[in-house]
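Residue numbers (this note's numbering), protein chains in the order written: chain A, 4 to 379; chain B, 18 to 323.
Below is one structure, written out as structure tokens; the observations come after it.
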């Protein structure tokens, strides 16, 4: 019957805490929408691609907005237990026929509901805003925004759980808030900054090794100069470090989860018909993946131009009696297409797990601690 | 059945011993006064029974259910709490709820149906004259009003065992009278009431059994009549005498204190007024004034605490 949940929701409604959080969260994407408005001033009204809208929403998480949701959820959790113990209402609650463990989880559920509602409201505001800016909002886009909101919700729930843990460990509310803010600074600002610096210095080292005396050593195709190579390596290392070192920073994980909104599609062809390509590691070449159907069929016999290198005769190989061109996929048949949030989450599912595990650990520790606490 | 059994209960707060092997026995249908000076462990005992405070060791049985035996049995505790009403010491309620909302949400914890919750809330609020204020926020209430609401919230589930922590704090004389009436009504219905206090006058009138806790240990547990009788027998009979000239009381076997000029306080184990008269007149003195003071529970209490 979840009495603890009902009690908490009722209290949050009466104290206006609920509505304040919803209003604050509804303003979440307003800066992003304003930025988007400035951006589309340069676009024609006919051509407003959805991925522009999506990426402006997603990129808003990279800066202050991410810190905002973190602090909001953390502060909501940090006073959940100790404040009512201090005030004495906890004694009033715990004298009822309710188990301690269940009560904590019921209360946590109530806070999760509040956060869910506020996240959904913020998503609705984003969708209405994007529509107002002249984009045509298709169902798939609504789905993407909702999915992204769920990722944000998971991050907020992790902060909430951390807040609960602090709330059961520190009896004084002001001390708990202080500790939460300090943790926030260390976890979300200091450590990511250190990791970023490490990634940059390691990328510099790699770039220096590659471009000694300004000349590339060995066969290098990714970037033609130091700058490009450095940036590429820095991004690659940063992605790695986000998973290996910043697993306690939910904002980093959120950024990772939406870092592959675009997908690189490889295309190969048989004569004038183009198929999605799949890499065959034993042949070390891309073969058509016919199960995914035809991408495009040319009216005329296809000839390579527009800077694509023509297929050399040696590139023709036979597999099961069929002739294929060995494509130089990197330079010619690599296309970047918008693949959506679901694709990005699927690619980075490791980070989804990293987003979930600390939540359970914090919550378990909070329940354990709450169970042995003197609530006076 | 015994309503409350506590055996060898121990509780430490960091390095402070709050309960030091407390034993307690409250038979069903009694009004039990739990006395002790501030900081003796009254609230800790009560909160331990309800699982709000986690004791270190010992055993607690409530309404025939073993709720604690060196560790809480949450299932039994929940079952026992279904039939317990508790009034906390500090007038803590949700400031932003009205009395009706407060009783409604608390009634929900006992899964009382909605209609019945409303009916019960009305009965209880009328009982303590709060029905007029049913839609005012509790935050705007006076201490006395909060105290009354705290009392009736403990009665919402019609408990078999009512545990009250310093219930008469902040009540005016009329409130105290009402409160005592409510407690007596509980007793008439065969319910058990356990309440703590440090004001003896309150306990003396309503309770039939008293327990005195000092530094985490029960020092005394008996009916009030028994306690008084025993106290008198141990030299608790006090006579104040004022004479016109000094009198020597040596050889009488009484404990005599001199208070000011020719004023004496005599402690004896029985009414010795006639013998005092004899002693005084045998020394050629006259009694100007003689008063017998029956010991109040207060004195007994202070004596025990010492």
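Glycine included, each C-beta is placed from N, C-alpha and C at the ideal position.
Beta-carbon spacing of residue i, residue j below 7 Å
{"i": "residue 81 of chain A", "j": "residue 169 of chain A", "result": "yes"}
{"i": "residue 104 of chain B", "j": "residue 168 of chain B", "result": "yes"}
{"i": "residue 117 of chain A", "j": "residue 21 of chain A", "result": "yes"}
{"i": "residue 59 of chain A", "j": "residue 44 of chain A", "result": "no"}
{"i": "residue 209 of chain B", "j": "residue 47 of chain B", "result": "yes"}
{"i": "residue 237 of chain B", "j": "residue 212 of chain B", "result": "no"}
{"i": "residue 125 of chain A", "j": "residue 28 of chain A", "result": "yes"}
{"i": "residue 192 of chain B", "j": "residue 161 of chain B", "result": "yes"}
{"i": "residue 98 of chain A", "j": "residue 36 of chain B", "result": "no"}
{"i": "residue 120 of chain B", "j": "residue 173 of chain B", "result": "yes"}
{"i": "residue 272 of chain B", "j": "residue 284 of chain B", "result": "yes"}
{"i": "residue 117 of chain B", "j": "residue 163 of chain B", "result": "no"}
{"i": "residue 100 of chain B", "j": "residue 177 of chain B", "result": "yes"}
{"i": "residue 350 of chain A", "j": "residue 263 of chain A", "result": "yes"}
{"i": "residue 113 of chain B", "j": "residue 17 of chain A", "result": "yes"}
{"i": "residue 151 of chain A", "j": "residue 53 of chain A", "result": "no"}
{"i": "residue 24 of chain A", "j": "residue 121 of chain A", "result": "yes"}
{"i": "residue 79 of chain B", "j": "residue 97 of chain B", "result": "yes"}
{"i": "residue 154 of chain B", "j": "residue 115 of chain B", "result": "yes"}
Residues near residue i by beta carbon distance below 7 Å, same chain, minus five either side
{"i": "residue 292 of chain A", "result": "278, 279, 280 and 281"}
{"i": "residue 44 of chain B", "result": "19 and 20"}
{"i": "residue 362 of chain A", "result": "160, 161 and 164"}
{"i": "residue 183 of chain B", "result": "106, 213 and 214"}
{"i": "residue 354 of chain A", "result": "246, 256, 259 and 260"}
{"i": "residue 294 of chain B", "result": "304"}
{"i": "residue 27 of chain B", "result": "36, 37, 38, 72, 73, 74 and 75"}
{"i": "residue 310 of chain A", "result": "At residue 310 of chain A, the pLDDT of 35 sits below 50, so the modelled position is not reliable; the number obtained from the coordinates is stated separately. Cβ neighbours of residue 310 of chain A beyond the five flanking positions: none."}
Paired residues, beta bridge with residue i - DSSP
{"i": "residue 239 of chain B", "result": "B/227"}
{"i": "residue 103 of chain B", "result": "B/180"}
{"i": "residue 266 of chain A", "result": "A/340"}
{"i": "residue 44 of chain B", "result": "B/19"}
{"i": "residue 285 of chain B", "result": "B/254"}
{"i": "residue 380 of chain A", "result": "As displayed, chain A neither begins before 4 nor continues past 379, which places residue 380 of chain A out of reach and without an answer."}
{"i": "residue 36 of chain B", "result": "B/28"}
{"i": "residue 306 of chain B", "result": "B/259"}
{"i": "residue 1 of chain B", "result": "Outside the displayed span of chain B (18 to 323) sits residue 1 of chain B, for which this structure offers no information."}
{"i": "residue 77 of chain B", "result": "B/23 and B/85"}
{"i": "residue 274 of chain B", "result": "B/282"}
{"i": "residue 290 of chain A", "result": "A/281"}
{"i": "residue 234 of chain B", "result": "B/231"}
Own chain partners of residue i with C-beta closer than 6 Å, once the 5 adjacent residues on each side are dropped
{"i": "residue 237 of chain A", "result": "202, 203 and 206"}
{"i": "residue 380 of chain A", "result": "The first residue shown for chain A is 4 and the last is 379, placing residue 380 of chain A beyond what the model contains."}
{"i": "residue 368 of chain A", "result": "168"}
{"i": "residue 165 of chain A", "result": "365"}
{"i": "residue 334 of chain A", "result": "Model confidence at residue 334 of chain A stands at a pLDDT of 32, short of 50, so the residue's coordinates are unreliable; what they give is reported in the following sentence. Result list for residue 334 of chain A: empty, nothing under 6 Å."}
{"i": "residue 309 of chain B", "result": "256"}
{"i": "residue 88 of chain A", "result": "378"}
{"i": "residue 280 of chain B", "result": "259"}
{"i": "residue 134 of chain B", "result": "121 and 124"}
{"i": "residue 250 of chain A", "result": "357"}
{"i": "residue 134 of chain A", "result": "140"}
Own chain, CB closer than 8 Å to residue i, minus 5 neighbours either side, in chain order
{"i": "residue 13 of chain A", "result": "none"}
{"i": "residue 214 of chain A", "result": "220, 228, 229 and 232"}
{"i": "residue 103 of chain A", "result": "97, 373 and 374"}
{"i": "residue 230 of chain B", "result": "39, 51, 52, 53, 57, 58, 59, 62 and 236"}
{"i": "residue 225 of chain A", "result": "Confidence at residue 225 of chain A is low in this model, with a pLDDT of 47, below 50, so the placement of that residue should be treated as unreliable; the coordinate-derived value is given next. Contacts found: 231, 232 and 235."}
{"i": "residue 306 of chain B", "result": "257, 258 and 259"}
{"i": "residue 316 of chain A", "result": "Its pLDDT being 37, under 50, residue 316 of chain A is placed unreliably in this model, and the value from its coordinates should be taken loosely. Result list for residue 316 of chain A: empty, nothing under 8 Å."}
heavy atom of the ligand ADP below 6 Å from residue i C-beta
{"i": "residue 13 of chain A", "result": "With respect to small molecules bound, the structure shown includes none, and the ligand ADP cannot be examined in it."}
As an exercise, report each continuous alpha helix (DSSP H) stretch of at least 4 residues that is fully enclosed by the region 125-172 of chain B, in chain order. 131-144 and 160-170
Chain-ordered residues of the region 115-135 of chain B with a beta carbon less than 8 Å from chain A: 118, 122, 123, 125, 126, 127 and 128
Just list the alpha helix (DSSP H) runs in the region 72-114 of chain A, keeping only unbroken ones of 4 residues or longer that don't cross its boundaries, in chain order. 85-90 and 92-97
Members of the region 46-77 of chain B that neighbour chain A once the beta carbon cut-off is set at 9 Å: 60, 61, 64, 67, 68, 69, 70 and 71
Output, in sequence order along the chain, the residues in the region 17-29 of chain A whose CB is closer than 7 Å to any CB in chain B. 17 and 18
Interface positions of the region 93-105 of chain B facing chain A (Cβ-Cβ less than 7 Å), listed along the chain: 95, 98, 99, 103 and 105
Check each residue of the region 251-265 of chain A: if its Cβ is closer than 9 Å to any Cβ of chain B, include it; give the result in chain order. none
Cβ-based contacts, 7 Å cut-off: residues of the region 202-232 of chain B near chain A: none
Chain-ordered residues of the region 79-97 of chain A with a beta carbon less than 7 Å from chain B: 90, 91, 92, 94, 95 and 97
Scan the region 356-376 of chain A for residues whose Cβ lies nearer than 9 Å to a Cβ of chain B and list them as they occur along the chain. 374, 375 and 376
Mind listing, in chain order, the continuous alpha helix (DSSP H) runs of no fewer than 4 residues lying wholly within the region 135-218 of chain A? 142-172, 176-188 and 194-213
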